[in-house]
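Chemist: Handing you a structure now.
Number of protein chains: 2
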Amino acid sequence: MFDIPRGTRDFNSEEMHKRRFVEKTFSNVFKSFGYHEVQTPTFEHLELFTIKSGDSIINEIYSFADKGGRNLALRPELTAPVMRMYVDKLQMNPKPLKLFYFGNCYRYDRPQKGRYREFTQAGCELIGTNTPEALAELISMSYVLFTNIGLHNISLHVGNLKLLKLLFEKLKISQDQLKHLLPLIDKELFDDIRQALHDFGFDENRIIKFISLFQQTSFDELYEIFNSNEEALNEINRMKEIFQIMKASFNINTIHLHLGIVRGLDYYTGMVFEIKAPSLGAEKQICGGGEYDLISLFEGRPSPTSGFAIGFDRSILAMELEKIPFPKISTDYFIIPINKDMIQKSLEIAMVLRQKGKIVDIDLMRRGMGKAMKYASSMNAENVIFVGPDEIEKNAITIKNMESGNQEIISINDIN
Amino acid sequence: MFDIPRGTRDFNSEEMHKRRFVEKTFSNVFKSFGYHEVQTPTFEHLELFTIKSGDSIINEIYSFADKGGRNLALRPELTAPVMRMYVDKLQMNPKPLKLFYFGNCYRYDRPQKGRYREFTQAGCELIGTNTPEALAELISMSYVLFTNIGLHNISLHVGNLKLLKLLFEKLKISQDQLKHLLPLIDKELFDDIRQALHDFGFDENRIIKFISLFQQTSFDELYEIFNSNEEALNEINRMKEIFQIMKASFNINTIHLHLGIVRGLDYYTGMVFEIKAPSLGAEKQICGGGEYDLISLFEGRPSPTSGFAIGFDRSILAMELEKIPFPKISTDYFIIPINKDMIQKSLEIAMVLRQKGKIVDIDLMRRGMGKAMKYASSMNAENVIFVGPDEIEKNAITIKNMESGNQEIISINDIN
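Quick note, the sequences are listed as chains A and B, same order.
The opening residue of the first sequence carries number 0 in numbering that gives the first Met the number 0; numbering runs sequentially from there.
The opening residue of the second sequence carries number 0 in numbering that gives the first Met the number 0; numbering runs sequentially from there.
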């Protein structure tokens, strides 16, 4: 017997039914917002990911040389491949370009609950515009994706890396100090942040003020801190406008503003956001994104870009934890030929019903009635059709509704 | 700028639209026959494939060691993984088990038209029964999959490896001779087969008779050749019954019978079949399968198995060559705010329509009317909605049908 590779999963038919339901729901939301689906290969040249994330990412991904000596990597995420595709093939398309995608991604990671070596991401990119309404629509869509699969217990957190960078400049924090500070901010280790700022020589009053920014903050606080910096004030005004549109046009009433969302300082350029599902515990982030720039790194023509990625597996886990009902797998009709001579006629009836779009199974093992009925139950058959010689002579069959137990003889043409 | 890895493809939104259409159609057919979807990981332990196909397959696949020193391989096909999953997790499920799947597969192959290093397969496995009706349903389903995507120019070819093996026994062909002969039969090189049989010492009469078996043959010919072999006669009778059911119950009137279908002698055990789309030229096989045994190799409990795989990419290529129309991508409504103050109201109207299931896009670039209309056309917008202050005061908008050019003012509540 062979084992499945560590950190990967098989999905049985019930799990696939759930996954397809979520995929379909996500896909319908993306499409309803005017997004179009694209797909890229499962592997890329390794350099695509190292140029984006640095050589250290090699330790976290599946990389290998192919037989032609090319260094390839199973994709750890989908934004770099999609932007590679954009620069390569889609730059001339009318703007804005609204792209969405589903794809499996791979990380050589310690497997744990909600973290797998092969996992699925959904995501999107918006290329060519960064008006307040464009950002408001993008972030709101991420929220609609989750409410449409039925999740209620989620929260939206918005930050801004342009402001964060300006803050660090204002604080005169050096690159070395930043390297120490950023992981602490990212992990919300406020005591450690306090200590670090203290060690950097900040007085207690300023420390308290800045710490509060990394937790939840308000536009008033931001205006107060950045009161003399025009670039910052423009960005705060823009964020405020985006929040206002999200509330007025998209009914998103609770938006947590805090500057503690770090993500990637090199990669993100402005607004960033995350959606969390607290039911998931430690691995609660189910969506993350914002305004970023990869086009210049990939030598394309400059254009504003934003987007987000959704943890598909975690979204399903969150639905299960919230006990959201998934549609059931069922069989519309299970057909049992009464004897061997009825098999051909039974198969014929099955095909007529299938062509009407019904899900139809049939006993293929020449079993006795009891065993065939037991199998029909295990397939969640809604109706069982018995095909016997007496009825067939009259072009009829016996049909039994499995829920009510009612049984009747009807003409073949009347089954639907 | 980065290149896409050799032999792989990006799919733009038009291509994805086609792929999703075919996936959906295939999925609906599988489900209507009572099949259930499963999924396995993209990579497996290398040994899973070498034990099935021999070490020589390593030259044709992407294999690599992970950071834990495990020898892994990107799957070259899906039957071995699905049967690995079956033996591991599904053996106790009620029989028969009807499984279908879609998945990307990988071969380190010379890229050419219709052959890629990453390609998509659809397929299914039927586990637990091998009655004539079971095989007839399976093979017929493969045919229905193609007729339901609209392909007309296809042909079904059925062979039988049990009979082929009995024939080689009868001919007293040695293993060494077989090794020479099989590739010739597989490639339909009849002159070379004739020469080989001649070299093996067969007289001209027998050679002519056997050659005809490797081309199209008939049940009468089979009965004549195997007239004294009971095992062969039983198998011929069974095949005849299967053909008869396919014609009577599934309306499949043209079935080409020939023993030249070799596929894998070690792996397949009985009936084998292929579907060809001649429009594709050299790479015309779009489906192949039959009765096989992997369970014993994977140390599971013996159970009859059959199944088939479909070349997803070639199926789409065949549709394009037959000029089968695919559904169009279109946008139900494109909304243009007349001025900046109309943006919020426009986004609100967009959301109302999206919640009704409509595909709605909106100008996110604050463009002039001409440019916005040009973009709407490029998105195949069926209607354009103009949101302006005068109409909004009366809770109305202007709507323009892009096909007819008709334009009217209607109440917001009347858009649908």
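Idealized CB from N, CA, C, for every residue including glycine.
1) Which of the three DSSP states, helix, strand or coil, is assigned to B/P277?
2) For B/E273 versus B/I260, is the C-beta spacing smaller than 7 Å?
3) Give every residue of the same chain whose Cβ lies closer than 7 Å to the Cβ of A/K17, excluding the five residues on either side of it in the sequence, and list them in chain order.
4) For the beta strand (DSSP E) that B/P93 lies in, which residues bound it at each end?
5) Could you check how far apart the C-beta atoms of A/Y105 and A/P75 are, in whole angstroms? I think they sit under 8 Å.
6) Quick one: which residues of the segment 214 to 247 of chain B get their C-beta closer than 7 Å to a C-beta of chain D? List them in chain order.
7) Flag this pair as yes or no: are the beta carbons of B/H255 and B/Q214 separated by less than 7 Å?
8) I'd like to know whether the C-beta of A/M15 is nearer than 7 Å to at least one C-beta of chain B.
9) Assuming A/L264 and A/L181 form a contact by the criterion Cβ under 8 Å, report the distance between their Cβ atoms to the nearest whole angstrom.
10) Using beta-carbon positions only, say whether B/F201 and A/F63 come within less than 7 Å of one another.
11) Going straight from the alpha carbon of A/R313 to that of A/G287, what length do you get?
12) Within 10 angstroms of the Cβ of B/N252, are there 16 or more other Cβ atoms? Answer buried if so, exposed if not.
13) How is B/I1 classed by DSSP in three states: helix, strand or coil?
14) Enumerate in chain order the residues of its own chain whose CB-to-CB distance from B/K178 is below 8 Å, with the five nearest sequence positions on each side excluded.
15) Consult DSSP for A/G367 and reduce its assignment to one of helix, strand or coil.
16) Enumerate in chain order the residues of its own chain whose CB-to-CB distance from B/I328 is below 8 Å, with the five nearest sequence positions on each side excluded.
17) Among all the DSSP beta bridges, which residues are the ones paired with A/L256?
18) In angstroms, rounded to a whole number, what distance separates the CA positions of A/F20 and B/E229?
19) Excluding sequence positions up to five away, which residues of its chain have a Cβ less than 7 Å from the Cβ of A/T24?
20) Are there three or more Cβ pairs, one per stretch, closer than 8 Å when the segment 108 to 115 of chain B is compared with the segment 395 to 403 of chain A?
21) Roughly how many angstroms separate the alpha carbons of B/D191 and B/D185, rounded to a whole number?
22) Got a sec: which bits of the segment 50 to 73 of chain B sit with their beta carbon under 9 Å from any beta carbon on chain A, in order along the chain?
23) In the segment 247 to 274 of chain B, which residues sit with their C-beta less than 7 Å from some C-beta in chain A, listed in chain order?
24) Counting contacts by CB-CB distance shorter than 7 Å, is A/I323 in contact with chain B?
25) DSSP puts B/V271 in a beta bridge; with which residues?
26) Going by DSSP, what residue range makes up the alpha helix (DSSP H) through B/Q174?
27) Any Cβ of chain B within less than 7 Å of the Cβ of A/G387?
28) Does the beta-carbon of B/K23, which I'm using as the reference point, lie nearer than 6 Å to any heavy atom of the ligand PLP?
29) Can you tell me whether B/Q284 is helix, strand or coil according to DSSP?
30) Measure the beta-carbon distance from B/E124 to B/L98 and round it to whole angstroms, keeping in mind my assumption that it falls under 8 Å.
31) Report, in whole angstroms, the separation of the C-beta atoms of A/Y332 and A/I384, which I expect to be a contact under 8 Å.
32) Where B/T128 and A/T330 are concerned, what is the direct C-alpha to C-alpha distance, given to the nearest angstrom?
33) Please list the partners that B/H44 has in chain A, where partner means a Cβ-to-Cβ separation under 8 Å.
34) Nearest by alpha-carbon distance to B/Q354: which of A/P4, A/K30, A/M0 is it?
35) State yes or no: is the C-beta of A/I210 within less than 7 Å of the C-beta of A/F189?
36) Look at the alpha carbon of A/L352 and the alpha carbon of A/Q120, and state the distance between them as a whole number of angstroms.
Modeler: In terms of the structure at hand:
1) Here the question's residue 277 of chain B lines up with position 278 in the second sequence. Three-state result, B/P277: helix.
2) Here residue 273 of chain B corresponds to residue number 274 of the second sequence, with the count starting at 1. Here residue 260 of chain B corresponds to residue number 261 of the second sequence, with the count starting at 1. Cβ atoms of B/E273 and B/I260: closer than 7 Å.
3) Looking up residue 17 of chain A in the first sequence gives position 18. Within the same chain, A/K17 has close Cβ partners I315, F325.
4) The residue given as residue 93 of chain B occupies position 94 in the second sequence. Unbroken run through B/P93: none, as it is neither H nor E.
5) By 1-based counting over the first sequence, the position of residue 105 of chain A is 106. By 1-based counting over the first sequence, the position of residue 75 of chain A is 76. Yes, they are in contact, since the Cβ atoms of A/Y105 and A/P75 sit about 6 Å apart, within 8 Å.
6) The structure shown contains no chain D; the protein chains it does contain are A and B.
7) Here residue 255 of chain B is taken as the residue at index 256 of the second sequence, counted from 1. Here residue 214 of chain B is taken as the residue at index 215 of the second sequence, counted from 1. In this structure, B/Q214 does not lie closer than 7 Å to B/H255 by Cβ.
8) Position 16 of the first sequence holds residue 15 of chain A. Interface residue, yes.
9) Counted from its first residue, the first sequence places residue 264 of chain A at position 265. Counted from its first residue, the first sequence places residue 181 of chain A at position 182. With a Cβ gap of about 7 Å, A/L264 and A/L181 count as contacting.
10) As a first step, residue 201 of chain B must be located in the second sequence, where it is residue number 202. As a first step, residue 63 of chain A must be located in the first sequence, where it is residue number 64. For B/F201 and A/F63, no; Cβs fall outside 7 Å.
11) Position 314 of the first sequence, counting from 1, holds the residue named residue 313 of chain A. Position 288 of the first sequence, counting from 1, holds the residue named residue 287 of chain A. Using only the alpha carbons, I get a separation of about 13 Å.
12) Counting from 1 along the second sequence, the entry for residue 252 of chain B is found at position 253. B/N252 should be labelled exposed.
13) Your numbering for residue 1 of chain B matches position 2 in the second sequence. Looking at the sequence itself, residue 1 of chain B is Phe, so the reference to Ile does not match. It is coil, neither helix nor strand.
14) Counting from 1 along the second sequence, the entry for residue 178 of chain B is found at position 179. Nothing listed; no residue qualifies.
15) Taking the first sequence and counting its residues from 1, the one referred to as residue 367 of chain A is at position 368. Three-state result, A/G367: coil.
16) Position 329 of the second sequence, counted from the start, is the residue given in the question as residue 328 of chain B. Exclusion of the five residues before and after B/I328 leaves S12, E13, H16, N379 as the residues of its chain whose Cβ lies within less than 8 Å of its Cβ.
17) Your numbering for residue 256 of chain A matches position 257 in the first sequence. DSSP lists A/V157 as partners of A/L256.
18) Along the first sequence, one-based indexing puts residue 20 of chain A at 21. Along the second sequence, one-based indexing puts residue 229 of chain B at 230. If I take the Cα positions, the gap works out to 51 Å.
19) Residue mapping note: residue 24 of chain A aligns to position 25 of the first sequence, counting from 1. Excluding residues within five positions, the ones whose Cβ falls inside 7 Å are N147, I148.
20) no
21) To locate residue 191 of chain B, count along the second sequence from 1; it is residue 192. To locate residue 185 of chain B, count along the second sequence from 1; it is residue 186. In a straight line, the C-alpha of B/D191 is about 12 Å away from that of B/D185.
22) I50, N58, Y61, S62, F63, A64, D65, K66, G67, R69, L71, L73
23) A247, S248, F249
24) As a position in the first sequence, residue 323 of chain A is number 324, starting the count at 1. Chain B, which has no Cβ nearer than 7 Å to the Cβ of A/I323, makes this no.
25) Translated into the one-based positions of the second sequence, residue 271 of chain B becomes position 272. Its beta-bridge partners are B/G158, B/G289.
26) Along the second sequence, one-based indexing puts residue 174 of chain B at 175. Its alpha helix (DSSP H) spans residues 174 to 185.
27) What you label residue 387 of chain A is simply residue 388 of the first sequence in a count that begins at 1. Answer no: the Cβ-Cβ gap between A/G387 and chain B never drops below 7 Å.
28) Because no ligand of any kind appears in the structure shown, any question about the ligand PLP cannot be addressed here.
29) Numbered from 1 along the second sequence, position 285 holds the residue referred to as residue 284 of chain B. In this structure, B/Q284 counts as strand in the three-state DSSP scheme.
30) One-based indexing of the second sequence puts residue 124 of chain B at position 125. One-based indexing of the second sequence puts residue 98 of chain B at position 99. Right, their Cβ atoms sit about 5 Å apart.
31) Position 333 of the first sequence, counted from the first residue, corresponds to residue 332 of chain A. Position 385 of the first sequence, counted from the first residue, corresponds to residue 384 of chain A. Contact holds; Cβ gap of about 6 Å.
32) The count along the second sequence starts at 1 and reaches residue 128 of chain B at position 129. The count along the first sequence starts at 1 and reaches residue 330 of chain A at position 331. Looking at the two C-alpha atoms, the distance is approximately 19 Å.
33) Counted from its first residue, the second sequence places residue 44 of chain B at position 45. Result: F1, D2, P4.
34) Residue mapping note: residue 354 of chain B aligns to position 355 of the second sequence, counting from 1. Checking every option, the nearest Cα to that of B/Q354 belongs to A/K30.
35) Here the question's residue 210 of chain A lines up with position 211 in the first sequence. Here the question's residue 189 of chain A lines up with position 190 in the first sequence. Result yes, Cβ atoms of A/I210 and A/F189 sit closer than 7 Å.
36) Taking the first sequence and counting its residues from 1, one reaches residue 352 of chain A at position 353. Taking the first sequence and counting its residues from 1, one reaches residue 120 of chain A at position 121. Cα to Cα, A/L352 sits roughly 37 Å from A/Q120.
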